[in-house]
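Numbering (the working numbering), first residue to last: 29 to 381.
Cβ coordinates follow ideal geometry from the N, Cα and C atoms, glycine included.
All of these numbers come straight from a predicted model, not from anything done at the bench.
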Amino acid sequence: MGVPARREENAPAAVRRMDAPSISVRQDAITPEYFIAHFYEYLPRYIAGGAPTADTRDTYELAIRLFLHWCMEQGLHPLSDVHDYQIRVYMEEMRTRGYSAATLMIKGAAIRAFYKVAQRLSFIAENPCADLQLRNPQHLDEDYKYLTVDQIKEICEGLAADKNELRRLRNLLIVYLMGVEGLRVVEVMRLSDEDIDWQRGRIEIRGKGHAGIIYPCEETFGILRAYIETRGAVPPESRLTPTIISCANNNPKGRISRVGIRYVINKALTEAGLKQPGYACHLFRHSCGTNLYQETKDLRVVQETLRQRSPKVTAKYAHVHDRMERRYTRGITPGVNVESVQSATRPPNDSSQ
29 MGVPARREEN APAAVRRMDA PSISVRQDAI TPEYFIAHFY EYLPRYIAGG
79 APTADTRDTY ELAIRLFLHW CMEQGLHPLS DVHDYQIRVY MEEMRTRGYS
129 AATLMIKGAA IRAFYKVAQR LSFIAENPCA DLQLRNPQHL DEDYKYLTVD
179 QIKEICEGLA ADKNELRRLR NLLIVYLMGV EGLRVVEVMR LSDEDIDWQR
229 GRIEIRGKGH AGIIYPCEET FGILRAYIET RGAVPPESRL TPTIISCANN
279 NPKGRISRVG IRYVINKALT EAGLKQPGYA CHLFRHSCGT NLYQETKDLR
329 VVQETLRQRS PKVTAKYAHV HDRMERRYTR GITPGVNVES VQSATRPPND
379 SSQ
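Here it is as structure tokens:
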């Protein structure tokens, strides 16, 4: 058994892409080996309500391919030799490689989906991932990071010093869209001129699984307008005009990639002296939520701005803010005077007094 070849975007007519329907509707025509080699033909029907985004498809496909490669290395047939124990060994190995809890959740969900399809196609009796726990073990405020408004201002001041006008405005816009308006990396990348409603002052967001509408503040719209005027016309891609473009020589006026956005953010953090482990693009979205709650004390406003479906996710901003503000242990201290303790330990002739 070999690992199935990765599908190509420009695949020949005989090979169907993951998002293309299978020609045959006869389930009994699908063999176990064919399913393993062409799982991407069947997976989309069983994830995200049968309509996964391209990002979800690609993420799941990559995770499953890595798992199938591991099975091949271990001499395991994915459908007959893998059970609950083997799944746990695999996840443990992924954990020892340093993958984050969030990444492990995605990998586990992808493998579970693979076996869900295999079970529905009657290739296995039960899903070996049925008892696999895919929860994020972090507490609401564990390792919680965000930038203050003053720190974001410091980053913007550094970006504003760039002598290249187009790059200067583009990078400022990226920071505003993420740190002020709360957009995700993929949403910034996918932003197109056709999504901008100048008359109503709103932007349609194409992003993580579902569309949304945001109403940016005047300052964000001012930077957006100045940037587009400086950028000028750009060729459309798939009938949409990319708003945030690349300034790289190998992709002039093409849509910026997620890697490109991450580079801009990491460079801005480094030059501002704010780069730390764990400080990356999503930090700006967290900063938007945290700073917005501190400004409004209104969780509904935060939830609508970040377009979060679950209020439980939004509640973390109030939870962390409450703990930072109240300092609950203040009321149970013994009341020791630090200055008196310091002076009591110094010799009478201590020149530092």
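Is residue i helix, strand or coil by DSSP?
i, result
"Gly77", "helix"
"Ser274", "coil"
"Arg328", "helix"
"Leu132", "helix"
"Ser108", "coil"
"Glu121", "helix"
"Glu154", "coil"
"Arg335", "coil"
"Arg54", "coil"
"Leu268", "strand"
"Arg116", "helix"
"Arg351", "helix"
"Arg212", "coil"
"Asp169", "With a pLDDT of 48 at Asp169, under the threshold of 50, the predicted position of this residue should be treated as unreliable, and no value is reported."
"Thr361", "coil"
"Lys303", "coil"
"Cys126", "Sequence inspection shows Gly at residue 126; the Cys mentioned does not correspond to that position. Residue state, collapsed to three classes: coil."
"Cys316", "helix"
"Val43", "Confidence at Val43 is low in this model, with a pLDDT of 46, below 50, so the placement of that residue is unreliable and no value is reported for it."
"Gln322", "helix"
"Ala141", "helix"
"Ala308", "coil"
"Leu160", "coil"
"Tyr345", "helix"
"Tyr6", "The structure shown does not extend to residue 6, since the chain is modelled only from 29 through 381, so no value can be given for it."
"Tyr356", "helix"
"Glu37", "Confidence in Glu37 is poor, its pLDDT being 47 and thus under 50, which makes the residue's placement unreliable; the coordinate value appears in the next sentence. Residue state, collapsed to three classes: coil."
When the Cα of residue i is compared with those of the options, which residue comes out closest?
i, options, result
"Ala429", "Ile241, Ala138, Arg313", "Summary: the structure shown does not reach residue 429, with the chain confined to residues 29 through 381, and so no result is reported for it."
"Leu205", "Tyr70, Tyr74, Arg54, Leu334", "Leu334"
"Asp223", "Arg93, Arg259, Pro270", "Pro270"
"His66", "Ala372, Tyr118, Lys344, Val145", "Val145"
"Ile289", "Ile272, Asn277, Asn279, Lys281", "Ile272"
"Ala61", "His105, Pro72, Glu332", "The amino acid at residue 61 is misidentified as Ala; the sequence shows Glu. The option with the nearest alpha carbon to Glu61 is His105."
"Val208", "Leu94, Arg116, Ile242, Tyr255", "Ile242"
"Leu201", "Gln179, Ile251, Arg230, Leu162", "Ile251"
"Arg313", "Asp350, Asn365, Val203, Val329", "Val203"
"Glu121", "Leu107, Asp109, Gly136", "Gly136"
"Val16", "Ser315, Asn365, Ala308, Ile256", "This structure leaves residue 16 out entirely; the chain is present only between 29 and 381."
"Ser266", "Gly126, Gly282, Leu311", "Gly282"
"Gly229", "Met217, Pro244, Leu219, Val216", "Pro244"
"Val292", "Gln114, Arg195, Gln55", "Arg195"
"Gly317", "Gly301, Val341, Arg354, Val369", "Val341"
"Pro264", "Pro280, Tyr255, Arg253", "Pro280"
For the alpha helix (DSSP H) containing residue i, list its first residue and its last residue.
i, result
"Glu222", "Looking at the DSSP string, Glu222 is not in any alpha helix (DSSP H), and its letter there is neither H nor E."
"His97", "82-102"
"Ala65", "60-65"
"Ala372", "366-372"
"Leu149", "Here Leu149 belongs to no alpha helix (DSSP H), and DSSP marks it neither H nor E."
"Gly186", "177-187"
"Lys295", "286-299"
"Arg283", "Neither: Arg283 is in no alpha helix (DSSP H) and is coded neither H nor E."
"Asn199", "193-203"
So is residue i buried or exposed if we call it buried at 16+ other beta carbons inside 10 Å?
i, result
"Pro362", "exposed"
"Lys325", "exposed"
"Arg212", "buried"
"His97", "exposed"
"Ser150", "exposed"
"Ile360", "exposed"
"Met352", "exposed"
"Pro156", "buried"
"Arg328", "exposed"
"Glu69", "buried"
"Glu193", "exposed"
"Pro80", "buried"
"Pro72", "buried"
"His167", "Because His167 carries a pLDDT of 47, less than 50, the predicted location of this residue cannot be relied on, and the following value inherits that uncertainty. Flag for His167 reads exposed."
"Cys99", "buried"
"Ser371", "exposed"
"Ser220", "buried"
"Ala276", "exposed"
"Glu170", "Note that Glu170 scores a pLDDT of 47, beneath 50, so its modelled location is shaky; the value from the coordinates is reported in the next line. When all chains shown are included, Glu170 counts as exposed."
"Tyr382", "Lying before the first or after the last residue shown, residue 382 is absent from the chain, which here runs from 29 to 381."
"Val117", "exposed"
Within 8 Å (strictly less), CB to CB, does residue i reach chain B?
i, result
"Leu175", "Reference to chain B is not applicable here, since this structure consists of a single protein chain."
Quick one: complete alpha helix (DSSP H) runs, 4+ long, within the region 224-262? 246-259
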